[in-house]
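Down below is the structure, laid out as structure tokens.
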Amino acid sequence: AQSVTQLDSQVPVFEEAPVELRCNYSSSVSVYLFWYVQYPNQGLQLLLKYLSGSTLVKGINGFEAEFNKSQTSFHLRKPSVHISDTAEYFCAVNRGSTLGRLYFGRGTQLTVWP
Amino acid sequence: EAGVAQSPRYKIIEKRQSVAFWCNPISGHATLYWYQQILGQGPKLLIQFQNNGVVDDSQLPKDRFSAERLKGVDSTLKIQPAKLEDSAVYLCASSPPRGSGGNTGELFFGEGSRLTVL
Numbered sequence: 008a009q010s011v012t013q014l015d016s017q018v019p020v021f022e023e024a025p026v027e028l029r030c031n032y033s034s035s036v037s038v039y040l041f042w043y044v045q046y047p048n049q050g051l052q053l054l055l056k057y058l059s060g061s062t063l064v065k066g067i068n069g070f071e072a073e074f075n076k077s078q079t080s081f082h083l084r085k086p087s088v089h090i091s092d093t094a095e096y097f098c099a100v101n102r103g104s105t106l107g108r109l110y111f112g113r114g115t116q117l118t119v120w121p
Numbered sequence: 650e651a652g653v654a655q656s657p658r659y660k661i662i663e664k665r666q667s668v669a670f671w672c673n674p675i676s677g678h679a680t681l682y683w684y685q686q687i688l689g690q691g692p693k694l695l696i697q698f699q700n701n702g703v704v705d706d707s708q709l710p711k712d713r714f715s716a717e718r719l720k721g722v723d724s725t726l727k728i729q730p731a732k733l734e735d736s737a738v739y740l741c742a743s744s745p746p747r748g749s750g751g752n753t754g755e756l757f758f759g760e761g762s763r764l765t766v767l
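Taken in order, these protein sequences are the chains called R and E. Using this note's numbering, the letters of the first sequence correspond one by one to residues 8 to 121. Using this note's numbering, the letters of the second sequence correspond one by one to residues 650 to 767.
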């Protein structure tokens, strides 16, 4: 079975500071990894995904994430955040062999202060 | 391209009443998912359809929840009778057919239907 752990439920940060949102997963098989963002009263929007190839993936809005198989991690980073990045961020995983359902972490609320 | 459409956006009911949510996926997307998102938690899969067949409904509380996708396009999720703990956002998502060039594992989500049970 797959599980996803997001280690921080809330991350406060000042505008223009760097940020890292942590995600660890457990799986006995190869997985595909995703980060989604959810703004208030909206659905989930894909930020980036890792399917294969380069372990450093770049997404929208200046976000990037690095897949680390040995540490089973897929941490999300941004070198300089904006107030508009305030949102809930979800890490998700699915089985690499059968694309389909996603297993989500409980989410990390990123709050950017001026 | 139109996204995943859901309605209603908000619904308030009393416990033991019934409610239904509707979802229209992106055109051509064979797979449809219903997720439940309780406040402070990540989305949890309730049911997955492939065309009009159920792929996975192991997490669906079948004594009160039901879902259908009769023509393999839009879908309805029903709760009857509702309990207080059913208060949540119900998210519908869709994805292209497996093996198609457009399937990269991404799920496309609607804006959700927020249910409050009093």
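Just so you know, even glycine gets a beta-carbon here, dropped at the ideal spot from N, CA and C. The structure displayed is predicted, hence computed values, not measured ones.
Would you kindly report the start and end of the unbroken beta strand (DSSP E) that includes residue i?
i               : result
G702 of chain E : 702-705
V44 of chain R  : 38-45
Q49 of chain R  : Premise fails: Q49 of chain R is in no beta strand (DSSP E) and is neither H nor E.
V722 of chain E : Element bounds for V722 of chain E: n/a, residue is neither H nor E.
L695 of chain E : 693-699
I662 of chain E : 659-662
S165 of chain R : This structure gives no information on residue 165 of chain R, because the portion of chain R shown stretches from 8 to 121.
Which word fits residue i, buried or exposed, when buried means at least 16 other C-beta atoms lie within 10 angstroms of its C-beta?
i               : result
H89 of chain R  : exposed
D712 of chain E : exposed
L51 of chain R  : buried
S743 of chain E : buried
R665 of chain E : exposed
T115 of chain R : buried
R658 of chain E : exposed
Can you tell me which of the three DSSP states residue i falls into?
i               : result
L117 of chain R : strand
I687 of chain E : coil
E73 of chain R  : strand
N68 of chain R  : helix
S80 of chain R  : strand
S91 of chain R  : helix
S667 of chain E : coil
K711 of chain E : coil
E23 of chain R  : coil
T62 of chain R  : coil
A651 of chain E : coil
L14 of chain R  : coil
L109 of chain R : coil
A679 of chain E : coil
L764 of chain E : strand
R102 of chain R : strand
Output, in chain order, the set of chain E residues within a Cβ distance shorter than 9 Å of residue i.
i              : result
Y96 of chain R : Within chain E, no residue comes near Y96 of chain R; the closest Cβ sits about 10 Å away, beyond 9 Å.
How would you list, in chain order, the residues of chain E whose beta-carbon sits under 7 Å from the beta-carbon of residue i?
i               : result
G50 of chain R  : L740, F758, G759, E760, G761
L83 of chain R  : In chain order: nothing, as chain E lies at least about 15 Å away.
L53 of chain R  : E755
N101 of chain R : G754
Kindly list, in the order they appear in chain R, the residues whose Cβ is closer than 7 Å to that of residue i.
i               : result
Q690 of chain E : R113
L694 of chain E : R108
Which chain R residues sit within Cβ distance under 9 Å of residue i?
i               : result
D723 of chain E : In chain order: nothing, as chain R lies at least about 17 Å away.
D705 of chain E : G107, R108
Given that residue i touches chain R, what residues does it touch there, using C-beta distances under 8 Å?
i               : result
Q697 of chain E : G107, R108
T680 of chain E : G107
Could you give the uninterrupted runs of the beta strand (DSSP E) lying entirely in the stretch 726-761 of chain E, keeping only those of 3 residues or more? 737-744
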